[in-house]
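Right, one structure below, let's go through it.
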Amino acid sequence: MNNIKEAYFGAFGGSFVPESLVPALQEYAQAYTEHKDQPWFKDELSRLLKEFVGRQTPLTPANKLSKLIGARVYLKREDLAHTGAHKINNVIGQALLAKHMGKRRIIAETGAGQHGVATATVCALLDLECVIYMGTNDMARQELNVFRMELLGAKVVGVDLGTATLKDAINEALRDFVTNVGHSHYLLGSALGPHPYPTIVRDFQSVIGKETREQILEKEGRLPTHLVACVGGGSNSIGLFHPFIEEKDVAFIGVEAAGCGLGENEHSIRLAREGFSSLGVMHGCKSFVLQNEHGQIGHTHSIAPGLDYAMIGPEHARLFESGRASYISADDNEALSAFGLLSRSEGIIPALESAHAVAGALKLKGKVKADDIVVINISGRGDKDMASVMETLKKSAKEQLA
Numbered sequence: 000m001n002n003i004k005e006a007y008f009g010a011f012g013g014s015f016v017p018e019s020l021v022p023a024l025q026e027y028a029q030a031y032t033e034h035k036d037q038p039w040f041k042d043e044l045s046r047l048l049k050e051f052v053g054r055q056t057p058l059t060p061a062n063k064l065s066k067l068i069g070a071r072v073y074l075k076r077e078d079l080a081h082t083g084a085h086k087i088n089n090v091i092g093q094a095l096l097a098k099h100m101g102k103r104r105i106i107a108e109t110g111a112g113q114h115g116v117a118t119a120t121v122c123a124l125l126d127l128e129c130v131i132y133m134g135t136n137d138m139a140r141q142e143l144n145v146f147r148m149e150l151l152g153a154k155v156v157g158v159d160l161g162t163a164t165l166k167d168a169i170n171e172a173l174r175d176f177v178t179n180v181g182h183s184h185y186l187l188g189s190a191l192g193p194h195p196y197p198t199i200v201r202d203f204q205s206v207i208g209k210e211t212r213e214q215i216l217e218k219e220g221r222l223p224t225h226l227v228a229c230v231g232g233g234s235n236s237i238g239l240f241h242p243f244i245e246e247k248d249v250a251f252i253g254v255e256a257a258g259c260g261l262g263e264n265e266h267s268i269r270l271a272r273e274g275f276s277s278l279g280v281m282h283g284c285k286s287f288v289l290q291n292e293h294g295q296i297g298h299t300h301s302i303a304p305g306l307d308y309a310m311i312g313p314e315h316a317r318l319f320e321s322g323r324a325s326y327i328s329a330d331d332n333e334a335l336s337a338f339g340l341l342s343r344s345e346g347i348i349p350a351l352e353s354a355h356a357v358a359g360a361l362k363l364k365g366k367v368k369a370d371d372i373v374v375i376n377i378s379g380r381g382d383k384d385m386a387s388v389m390e391t392l393k394k395s396a397k398e399q400l401a
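Sequential numbering from 0 applies to the sequence shown in numbering that gives the first Met the number 0.
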């Protein structure tokens, strides 16, 4: 599979950026290549992941979910990482490298707020200036995370263009990067964007899969049969999948957001249904994109802001094309149902993004055997979603009474 010198995953990936960004991306790729295996970098990253992030995160048996699905189910608990999501794994690595490169100003984008909170947290730790771009619709849905970012010292810039969601926040972050490339580092939050970001983000998030492999061998003495994770851009899922890439008996299942319907502008399905997306270029890389025949990017929807995105990361596109991974979908109602189910059955309140993964795993019922081992990645905790879930459930109750 792809290494740092290769810009493409099969036909997907590449670097489609303004000429002014090319030297900065080349410098970043070179710095990563030089330092990723150096003892100072590996030791410092390992120390921060252990002492600051709280790794390893647990692999928790889910006994009631096991009975429902009909297999041995485990939950990889990224919700227990510092700041409450997997996002900090990538942020720690990128920020450490940026500081070593002499970049004192960090630019980031965020949809669900988790990447923004993780970035603001690490910038506070490493004494770096932090600017976060966020769609105003996402700011309204994730008001608590906006407050957290500001409390941590970050400047949060609202983006009121387009759908005012993650896509538009990335556009503005890229514009800032072009303008301030000399002293700034764009800390991209998912496994997409121009080379070398998809590879670097994947590598930092692979700590999820490496730990899962070690932990399941200790608990069960064998590898899992199924890995299940939600897929927006695709960082938590590629981080879980990648360390098992050569294990052909381990099935990869990515769960996309089917939103509130399958019509135009109602979902964020790129791969789970044939004909919904096509090959295109967005945010600096080539992959499957929701777009019309004129190349205009389609509007998307999901109750989970982190899945509300029109492109899928290029390595996922490669896994889909090769048949190595399969992609299914769960809609808003299925995610809300899974959100409540995991809360009541296992005492774990997941992020709405992670609830999509649980909803996808529930669809394995009748398709798995009792001795199969299913690992679901709980990519984040649900604190950030409480207000929007309460509002949605109240609205639903009123509609039923009307």
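We treat Cβ as the ideally placed atom computed from N, Cα and C, and that holds for glycine.
#1: Distance, Cα to Cα, residue 267 vs residue 354?
#2: Under 8 angstroms by Cβ, that's how I've got residue 199 and residue 31 pegged, so tell me the actual separation to the nearest angstrom.
#3: How is the alpha helix (DSSP H) around residue 148 delimited, first residue to last?
#4: Residue 310 bridges to which residues according to DSSP?
#5: Taking only three categories from DSSP, how would you classify residue 183?
#6: Can you list, in chain order, the stretches of the beta strand (DSSP E) that have 3 or more residues and sit fully within the stretch 19–92?
#7: Please confirm if the stretch 189–199 is in contact with the stretch 320–330, defined as three or more CB-CB distances below 8 angstroms between the two stretches.
#8: Taking just the CA atoms, how far does residue 82 sit from residue 117?
#9: Quick check on residue 25: buried or exposed, where buried means 16 or more other Cβ atoms within 10 Å of its Cβ?
#10: Residue 94 and residue 67 look like a contact to me (Cβ under 8 angstroms); what is the Cβ gap, rounded to whole Å?
#11: Use the C-beta contact count for residue 370: other C-beta atoms within 10 angstroms, 16 or more gives buried, fewer gives exposed.
#12: Leaving aside the five residues before and after residue 275 along the sequence, list all residues of the same chain whose C-beta is less than 6 angstroms from its C-beta, in chain order.
#13: Inspect the beta-carbon positions of residue 306 and residue 352 and report whether they are closer than 7 angstroms.
#14: Check whether the Cβ atoms of residue 315 and residue 233 lie closer than 7 angstroms to each other.
#15: Curious, which full-length beta strand (DSSP E) runs of at least 3 residues does the stretch 233–277 contain?
#16: Using CA atoms only, rank isn't needed, just tell me which of 27, 107, 87, 373 is closest to residue 228.
#17: Just to confirm the assignment, what range does the alpha helix (DSSP H) spanning residue 210 have?
#18: Should the stretch 89–104 be regarded as contacting the stretch 176–184, the criterion being three or more beta carbon pairs within less than 8 angstroms?
Looking at the coordinates:
#1: Distance between the alpha carbons of residue 267 and residue 354 is about 15 angstroms.
#2: Here residue 199 really is in contact with residue 31; their C-beta atoms are around 6 angstroms apart, less than 8 angstroms.
#3: Where residue 148 is concerned, the enclosing alpha helix (DSSP H) stretches over 142–150.
#4: In the DSSP output, where bridge partners are listed per residue, residue 310 has 288.
#5: The answer is strand: DSSP assigns residue 183 an E or B state.
#6: The qualifying runs are 58–60, 71–76.
#7: Verdict: no, contact absent.
#8: Rounded to whole angstroms, residue 117 to residue 82 spans 6 angstroms at the Cα level.
#9: Flag for residue 25 reads exposed.
#10: Residue 94 to residue 67, Cβ: 40 angstroms. No contact.
#11: So residue 370 ends up on the exposed side.
#12: 268, listed in sequence order.
#13: Taking 7 angstroms as the Cβ cut-off, residue 306 and residue 352 qualify as a contacting pair.
#14: Yes, the pair counts as a contact, with Cβ atoms nearer than the cut-off.
#15: As far as the stretch 233–277 is concerned, its whole beta strand (DSSP E) runs of at least 3 residues are 250–258.
#16: Ranking 27, 107, 87, 373 by Cα distance to residue 228 puts 373 first.
#17: First-last of the alpha helix (DSSP H) with residue 210: 206–219.
#18: Contact holds: three or more Cβ-Cβ distances are below 8 angstroms.
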